[in-house]
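Chains as they are written, first to last, in this note's numbering: chain A, 1 to 114; chain B, 115 to 226.
To start, the structure under review is shown below, and the notes come after it.
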Amino acid sequence: DAGVTQSPTHLIKTRGQQVTLRCSPKSGHDTVSWYQQALGQGPQFIFQYYEEEERQRGNFPDRFSGHQYPNYSSELNVNALLLGDSALYLCASSSLQLAKNIQYFGAGTRLSVL
Amino acid sequence: QKEVEQDPGPLSVPEGAIVSLNCTYSNSAFQYFMWYRQYSRKGPELLMYTYSSGNKEDGRFTAQVDKSSKYISLFIRDSQPSDSATYLCAMITSGGYQKVTFGIGTKLQVIP
Chain A
1 DAGVTQSPTH
11 LIKTRGQQVT
21 LRCSPKSGHD
31 TVSWYQQALG
41 QGPQFIFQYY
51 EEEERQRGNF
61 PDRFSGHQYP
71 NYSSELNVNA
81 LLLGDSALYL
91 CASSSLQLAK
101 NIQYFGAGTR
111 LSVL
Chain B
115 QKEVEQDPGP
125 LSVPEGAIVS
135 LNCTYSNSAF
145 QYFMWYRQYS
155 RKGPELLMYT
165 YSSGNKEDGR
175 FTAQVDKSSK
185 YISLFIRDSQ
195 PSDSATYLCA
205 MITSGGYQKV
215 TFGIGTKLQV
225 IP
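Shown next, in the form of structure tokens:
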């Protein structure tokens, strides 16, 4: 049973560029959440997708957007990259339909903005 | 004040010691309490979760939740060098859509 998979593992971009990160949830899970983890900090909630809609959003600007596909996979898009966007981006999946509140994380995508 | 407070450490202990990791929180709506282990530059790995108050044991790990004090703990018995990692406490309110609120993480080093 594959766990949560994220791609790519590492990405280098320059300021002003746009980036797309991808996530496939654990088998049986229907909900995907995205988090940003800066060095030495705990993960910060960006947003959550269920049934292809954004259901909750943390304190992140509109430059951060996402999408969920019918197969439950998800993308995180960040526009107009800033140096401060450099972080580990984590995807977590869970099952809202089964009322399973526990989230399982992928290995993350490390984004470096130069 | 942050919703979840956790001492970032670092915490250094000798191999075989009992480790105690703790978090306090302010939101009384939290119902699910988790501990994740995160190795350097990797994603968090779920160690244990507890619903509401009480204790839960899994091998060398014991999680405790005291909702009256808004205080949770993770104990690691017979600590091993492979336990060296950052330990994140995390919490969710019950029902609805699930935003996980994390502590900052405590960095643990177990010295052989």
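For each residue, glycine too, the CB sits at the ideal point set by N, CA and C.
Cβ atoms of F189 of chain B and L202 of chain B: under 8 Å apart, would you say? No. Outside cutoff.
By alpha-carbon positions, which one of B:K221, B:I225, B:P226 ends up nearest to G40 of chain A? Checking every option, the nearest Cα to that of G40 of chain A belongs to B:K221.
With DSSP as the reference, identify every bridge partner of A92 of chain A, one or two as the case may be. Answer is A:S33, A:F105.
Using the beta-carbon of each residue, which ones in chain A are nearer than 9 Å to L202 of chain B? G42, P43, listed in chain order.
Please list, in chain order, all residues of the same chain as S167 of chain B whose beta carbon is under 6 Å from its beta carbon, the five residues on each side excluded. Same-chain partners within the cutoff: V179, K181.
Inter-residue Cα distance where the pair is P158 of chain B and Q68 of chain A: About 22 Å.
Among A:P25, A:F47, A:P70, which has the Cα closest to the Cα of N140 of chain A? Given that chain A is displayed from residue 1 to residue 114, the structure contains no residue 140 of chain A and the question cannot be resolved.
D180 of chain B bridges to which residues according to DSSP? BP columns for D180 of chain B point to B:Y185.
In its own chain, which residues sit with a C-beta less than 6 Å from the C-beta of R55 of chain A, not counting the 5 before and 5 after it? For R55 of chain A, where only same-chain residues beyond five positions count, the Cβ hits under 6 Å are Q48.
Buried/exposed call for Q6 of chain A, threshold 16 Cβ in 10 Å: Buried, since its Cβ has 16 or more Cβ neighbours within 10 Å.
Residue from A:R22, A:P8, A:I102, A:L88 whose Cα sits closest to the Cα of H29 of chain A: Ranked by how close their Cα comes to the Cα of H29 of chain A, the residues A:R22, A:P8, A:I102, A:L88 have A:I102 in first place.
Whose C-alpha, out of B:Q115, B:V224, B:N169, is nearest the C-alpha of W149 of chain B? Among B:Q115, B:V224, B:N169, the Cα nearest to that of W149 of chain B belongs to B:N169.
What does G157 of chain B reach in chain A if we use C-beta pairs closer than 7 Å? Within chain A, the residues near G157 of chain B are L90, F105, G106, A107, G108.
Can you find a C-beta in chain A that's less than 8 Å from the C-beta of V127 of chain B? So no, V127 of chain B is outside the interface.
C-beta contact flag for G106 of chain A and V4 of chain A at 8 Å: Yes, the pair counts as a contact, with Cβ atoms nearer than the cut-off.
For S140 of chain B, tell me which candidate among B:S187, B:K116, B:D192, B:S196 has the shortest Cα-Cα distance. When each option's Cα is compared against that of S140 of chain B, the closest is B:K116.
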